[in-house]
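In the numbering used here, the protein residues as written are 17 to 194.
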């Protein structure tokens, strides 16, 4: 404040608020107001030397820093929650895919069992038909021939010895090809 301005206020009985108001009016008039506090909205005076302060007081500076930190933490929390949500969605997608794959595998295993069972029954039916039509083919069969392969298929798809049990059960008493 200049000397002339101070003289205007000397000897007057004014309240502090009135003095502040008049000082701000004079500061505006002579261009000493350089900014507004972003927290409380008070005018900020330009000092005689140095840059103009951003805030009117240290409490406003601390409030600004606290709000800024809260905003940063909010953004971090929001991005973390978003990432967690995306990961949960991916986990659910992967779980669904795994369930579908598991179900397909179980279905495939059941189909394989069914095909083996059907194939075994077809081979056993073939062996029984041969036994009924021409039992000499079984007795005269070479060890690396069709009959030995058929009996091996029956034993492999079921339990060992199933082909021989089938033949014996149906009354065959001749030699079993190995």
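Even glycine gets a Cβ: it sits at the ideal position worked out from N, Cα and C.
Following the DSSP letters along the chain, one finds residue 172 inside the alpha helix (DSSP H) bounded by residues 162 to 173.
The residue among 106, 56, 61, 31 with its C-alpha nearest the C-alpha of residue 40 is 61. Residue range 74 to 149 is occupied by the alpha helix (DSSP H) that includes residue 132, with no beta strand (DSSP E) assigned at that position. Per the Cβ contact rule, the stretch 135 to 151 is in contact with the stretch 159 to 171 (3 or more Cβ pairs under 8 Å).
In the DSSP assignment, residue 184 falls within the alpha helix (DSSP H) that extends over 178 to 185. Counting only the Cα atoms, residue 97 lies some 25 Å from residue 80.
Between residue 160 and residue 110, the alpha-carbon positions lie close to 50 Å from each other. Counting of Cβ neighbours within 10 angstroms places residue 104 among the exposed residues, the total staying below 16. The alpha-carbon separation between residue 69 and residue 63 amounts to approximately 9 Å. A direct Cα-to-Cα measurement between residue 176 and residue 116 gives close to 35 Å.
In the structure shown, the three-state DSSP call for residue 37 is helix.
When DSSP states are grouped into helix, strand and coil, residue 154 belongs to the helix group.
Each of 135, 114, 107, 55 was checked against the Cα of residue 174, and the nearest Cα belongs to 135.
No residue range can be given for residue 192, since it is assigned to no beta strand (DSSP E) and is classified by DSSP as neither H nor E.
With a 10 Å radius around the Cβ and a threshold of 16 neighbouring Cβ atoms, residue 157 comes out buried. The shortest C-alpha to C-alpha distance from residue 194 to any of 126, 187, 163 is the one to 163.
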